[in-house]
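Engineer: In our numbering, the protein residues as written are 38 to 108.
No residue lacks a Cβ here, since even glycine has one placed at the ideal position from N, Cα and C.
Computed from a predicted structure; not experimentally measured.
Can you read through this structure? Questions will come right after.
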């Protein structure tokens, strides 16, 4: 018998809740390579201005660009 999409989703949730916390943590996160950010272990900056300039040059999808003025 085939489960409906909602029933399958509920069953998947039930199985997930039966797992212990460490297993949930292990399989609940996935590493995604982030270019530039993951390339170097540590990045010292001489000033906050230098750091902000570096952030502004990162790809927008990484979310490190300055917030837009206004809101």
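Of the choices 78, 92, 77, whose alpha-carbon is the least far from that of residue 84?
Structural biologist: Against the chain shown, residue 84 aligns to sequence position 47. Looking at the Cα atoms, 92 is the closest of the given residues.
Engineer: What did DSSP end up calling residue 67 once you bin it into helix, strand or coil?
Structural biologist: For this step, residue 67 is matched to residue 30 along the chain shown. Here residue 67 sits in coil by DSSP.
Engineer: Got a sec, what are the start and stop residues for the alpha helix (DSSP H) residue 45 sits in?
Structural biologist: Locating residue 45 in the chain shown gives position 8, counting from the first residue. 42-55 is the extent of the alpha helix (DSSP H) around residue 45.
Engineer: Three or more beta-carbon pairs under 8 Å between the region 50-60 and the region 69-89, yes or no?
Structural biologist: These segments do not touch.
Engineer: According to the Cβ coordinates, are residue 71 and residue 40 closer than 9 Å?
Structural biologist: To locate residue 71, count along the chain shown from 1; it is residue 34. To locate residue 40, count along the chain shown from 1; it is residue 3. Contact: no.
Engineer: Taking only the alpha-carbon atoms, compute the straight-line gap between residue 101 and residue 95 and give it to the nearest angstrom.
Structural biologist: Here residue 101 is taken as the residue at index 64 of the chain shown, counted from 1. Here residue 95 is taken as the residue at index 58 of the chain shown, counted from 1. In a straight line, the C-alpha of residue 101 is about 7 Å away from that of residue 95.
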